[in-house]
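S.K.: I have a structure here, written as structure tokens, and I will follow up with some questions on it.
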Amino acid sequence: MSDDKELTQRAMELFRKRLTRQAVTSLQVCVHCGQCASACHYYLATEDPKMSPVYKMDRVRKVYKRTVDWLGRVAPGWVGAQDLDEELLQEWVDLAYGACTMCRRCWINCPMGVDPVQILGLARGVLTELGMTPKGLQATINVHLEHGNNMGVSEEDFVETLKWMEEELQAEVNDPRAVIPINKPHARVVYTFNPREVKYYPYLIQAAAKIFSAAGEDWTVSTEGWDATNYALFAFDPQTGAQLASRVEQAVNHLGAEALAMAECGHGYRAQRWEGENWSSHRYPFRVVSFVELMAQYIREGRLKVDPTVNTRRVTFHDPCNQARSGGIVEEPRFILARTVMDFVEMEPHGIESFCCGGGGGMLAMTEFAKQRMAAAKTKAEQIKATAAAIVATSCHNCLDQLMEINRHYKLGVKVQNLSELVAAAIVWQKN
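Numbering (this note's numbering), first residue to last: 10 to 441.
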């Protein structure tokens, strides 16, 4: 058997193995109306028919027809059925990875309820098992597996950064009781970080510590499992996803905490909160919450005293897809901003209808698709520009980095900040 035939045979076996009921349902009920095109930032920015979700899904449907449809098995040419050969596999890489951020905006705008993530995720999963995951994305996963975090930060550097930010916080608020507890047993909350905070944005660690301290929270950080990210979600690799999620779970269990607070990381929150228990097939003995939810709770309960006059410039908010559309966190950031800034204006559309920034789906790790990513970001750039905002706030690091690139590329002249920065700045520090 030739290499090409062996690859096709292996690919078809993996496709059949990964064909879930949810994917079959979406493949069956799509009526090719094309309404999903107007919901996709790739299509809107380029007007290329190949960028429409229905086209991308149809490249997967060809294999479905060849696998399931009896006519597709007997006379594949009649119904457009096709074996999953090397050429089609490469097209899957270009479309499922290179032209889709898995934002699911097309799903909520589909009159038939088709979820393209079930279909294009099926393609990503097959590609992953064949070793065809884009190199940058797979490298990020491998570093996480080897070093315990996706930036390869050592425990020594991690602790040193925490101590440094603790000193900076104490100097800012002139209060030695403002601390960053490390490995504190039986704290109520264990907090995670995105490794980019540790390596590039340490001031966000200081902001989070200031919020926890001002709220009087009983919290801690674990050196065992502190990385909030889980890029296996983007590779549709449930085994690796479960392995990475379990590291955080074990860290929380070993400290005996009541809750796990996920840093401002859209996909990390979704992976740990909504996918982790499915991957591991057991329930967590603690609650998983987003830091956004906690900040809103602290303000609502009066545990944080804030002064919105500190933040006077016009602010708009970008909803991370995995928090809003796939996570249900929509009202909390607006509750927070209504109390911490003087001038808040919405993008249109916003909330679950908000357009993806273009950095999701692991896109920032896949540099080979950078040109397409920035071209598709035109949709978000136009949204931002229409608000006349001076500051774009968000609550996700991939969004933060992508929005910064959009700002430079499209010369928007805005400042991009995490939501926690605005909250921390507005805190009126009270010494008890």
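In this text, a Cβ means the ideal position worked out from N, Cα and C, and glycines have one as well. This one's a predicted model, so the numbers in the text were calculated from it and none came from an experiment.
1. Please specify which runs of the alpha helix (DSSP H), each continuous and at least 4 residues long, are wholly inside the segment 68 to 130, giving them in chain order.
2. Exposed or buried, which one is Cys49 when buried takes at least 16 other CB atoms within 10 Å?
3. Looking at Asn159 and Asp236, is the spacing between their C-beta atoms short of 8 Å?
4. If the criterion is Cβ atoms closer than 8 Å, does the pair Arg434 and Asn320 meet it?
5. Nearest-angstrom Cα distance between Gly86 and Lys71?
6. Measuring CA to CA, which of Ala402, Arg292, Phe243 and Gly275 is closest to Ser299?
7. Helix, strand or coil for Lys440? Go by DSSP, reduced to three states.
8. Return the bridge partner residues of Ile191 from the DSSP annotation.
9. Whose CA, out of Ala90, Glu181, Glu176 and Val182, lies closest to the CA of Ile189?
10. With C-beta atoms as the reference, is Lys65 less than 8 Å away from Leu104?
11. Which runs of the alpha helix (DSSP H), 4 residues or longer, sit entirely within the segment 318 to 404?
12. Verify whether the separation of the beta carbon atoms of Tyr51 and Ala385 is less than 8 Å.
13. Locate the beta strand (DSSP E) running through Ala196, then write down its first and last residues.
14. Sorted by chain position, which residues of the same chain lie with C-beta nearer than 6 Å to Arg334's C-beta, five sequence neighbours on each side aside?
15. Buried or exposed for Gln392, going by 16 or more other Cβ atoms inside 10 Å?
16. Mark Met444 as exposed unless 16 or more other C-beta atoms lie within 10 angstroms of its C-beta, in which case mark it buried.
17. When burial is assigned at 16 or more other CB atoms within 10 Å of the CB, is Asn407 buried or exposed?
18. Considering Cα atoms alone, identify which of Phe295, Ala347 and Lys424 is closest to Asp316.
19. Please state the DSSP three-state secondary structure of Leu23.
20. For Lys420, which three-state DSSP category applies?
21. Tell whether a beta-carbon distance below 8 Å holds between Ser363 and Met372.
22. Just how far apart, CA to CA, sit Glu138 and Ala148?
23. Which residues share a DSSP beta bridge with Phe202?
24. What does Ser299 pair with, by DSSP beta-bridge criteria?
25. When you compare the segment 160 to 171 with the segment 410 to 421, are there three or more beta-carbon pairs, one atom per stretch, that lie closer than 8 Å?
26. List the residues that DSSP assigns as beta-bridge partners of Asn427.
27. If you measure between the beta carbons of Val297 and Val199, is that distance less than 8 Å?
28. Is Pro143 buried or exposed, if buried means 16 or more other CB atoms sit within 10 Å of its CB?
29. In angstroms with no decimal places, state the Cα-to-Cα distance between Gln439 and Ala218.
30. Would you check if the distance between the CB atom of Leu28 and the CB atom of Leu131 is smaller than 8 Å?
31. Following the continuous alpha helix (DSSP H) through Glu175, name the residue where it begins and the one where it ends.
32. Helix, strand or coil: which one does DSSP assign to Val315?
33. How is the alpha helix (DSSP H) around Arg256 delimited, first residue to last?
M.R.: The relevant details are as follows:
1. 79 to 83, 85 to 88, 95 to 101 and 114 to 117
2. What you label residue 49 is simply residue 40 of the sequence shown in a count that begins at 1. Label assigned to Cys49: buried.
3. Here residue 236 refers to the residue found at position 227 of the sequence shown. Here residue 159 refers to the residue found at position 150 of the sequence shown. In contact: Asp236 and Asn159 (Cβ atoms closer than 8 Å).
4. Position 425 of the sequence shown, counted from the first residue, corresponds to residue 434. Position 311 of the sequence shown, counted from the first residue, corresponds to residue 320. Note that residue 434 corresponds to Ala in the displayed sequence, not to Arg. Yes, these two residues count as a Cβ contact at 8 Å.
5. Working through the sequence shown from its first residue, we reach residue 86 at position 77. Working through the sequence shown from its first residue, we reach residue 71 at position 62. One C-alpha to the other measures close to 10 Å.
6. Locating residue 299 in the sequence shown gives position 290, where the first residue counts as 1. Of the candidates Ala402, Arg292, Phe243 and Gly275, the one whose C-alpha sits nearest the C-alpha of Ser299 is Gly275.
7. Along the sequence shown, one-based indexing puts residue 440 at 431. DSSP places Lys440 in coil when its eight states are reduced to three.
8. Numbered from its first residue, the sequence shown carries residue 191 at position 182. The partner list for Ile191 (beta bridge, DSSP) reads Val230.
9. In the sequence shown, residue 189 corresponds to position 180, counting from 1. For the residues Ala90, Glu181, Glu176 and Val182, the minimum Cα distance to Ile189 belongs to Glu176.
10. For the purposes of this step, residue 65 is identified with residue 56 of the sequence shown, where counting begins at 1. For the purposes of this step, residue 104 is identified with residue 95 of the sequence shown, where counting begins at 1. Yes. Within cutoff.
11. 330 to 333, 340 to 349, 379 to 385 and 387 to 396
12. Indexing the sequence shown from 1 puts residue 51 at position 42. Indexing the sequence shown from 1 puts residue 385 at position 376. Cβ distance < 8 Å, so Tyr51 and Ala385 count as in contact.
13. Taking the first residue of the sequence shown as position 1, residue 196 is located at position 187. Premise fails: Ala196 is in no beta strand (DSSP E) and is neither H nor E.
14. Taking the sequence shown and counting its residues from 1, one reaches residue 334 at position 325. Excluding positions up to five away in sequence, the list reads Arg113 and Ile361.
15. Here the question's residue 392 lines up with position 383 in the sequence shown. With 16 or more other Cβ atoms within 10 Å, it is buried.
16. Past the edges of the chain, shown from 10 to 441, lies residue 444, and the structure says nothing about it.
17. Locating residue 407 in the sequence shown gives position 398, where the first residue counts as 1. Asn407 is buried by the Cβ-count criterion.
18. In the sequence shown, counting from the first residue as 1, residue 316 sits at position 307. Nearest option by C-alpha distance: Ala347.
19. Stepping through the sequence shown from its first residue, residue 23 is reached at position 14. Of the three classes helix, strand and coil, the one that applies to Leu23 here is helix, per DSSP.
20. On the sequence shown, position 411 is the one that residue 420 refers to. The answer is coil: DSSP assigns Lys420 none of H, G, I, E or B.
21. For the purposes of this step, residue 363 is taken as residue 354 along the sequence shown, with counting starting at 1. For the purposes of this step, residue 372 is taken as residue 363 along the sequence shown, with counting starting at 1. Cβ distance not < 8 Å, so Ser363 and Met372 don't count as in contact.
22. The residue labelled residue 138 in the question sits at position 129 within the sequence shown. The residue labelled residue 148 in the question sits at position 139 within the sequence shown. Approximately 15 Å between the Cα atoms of the pair.
23. Translated into positions along the sequence shown, residue 202 becomes position 193. Answer is Asp236, bridged to Phe202.
24. By one-based count along the sequence shown, residue 299 stands at place 290. In DSSP, Ser299 forms a bridge with Met271.
25. no
26. Residue mapping note: residue 427 aligns to position 418 of the sequence shown, counting from 1. Thr403.
27. Stepping through the sequence shown from its first residue, residue 297 is reached at position 288. Stepping through the sequence shown from its first residue, residue 199 is reached at position 190. No; because the gap between Cβ atoms is not below 8 Å, this pair is not in contact.
28. Along the sequence shown, read from residue 1 onward, the residue named residue 143 stands at position 134. So Pro143 counts as buried.
29. Counting from 1 along the sequence shown, the entry for residue 439 is found at position 430. Counting from 1 along the sequence shown, the entry for residue 218 is found at position 209. Those two C-alpha atoms are separated by around 15 Å.
30. For the purposes of this step, residue 28 is taken as residue 19 along the sequence shown, with counting starting at 1. For the purposes of this step, residue 131 is taken as residue 122 along the sequence shown, with counting starting at 1. Closer than 8 Å, so yes.
31. Working through the sequence shown from its first residue, we reach residue 175 at position 166. Per DSSP, Glu175 belongs to the alpha helix (DSSP H) from Glu164 to Val182.
32. Position 306 of the sequence shown holds residue 315. The answer is strand: DSSP assigns Val315 an E or B state.
33. Within the sequence shown, the letter at position 247 stands for residue 256. First-last of the alpha helix (DSSP H) with Arg256: Pro247 to Leu264.
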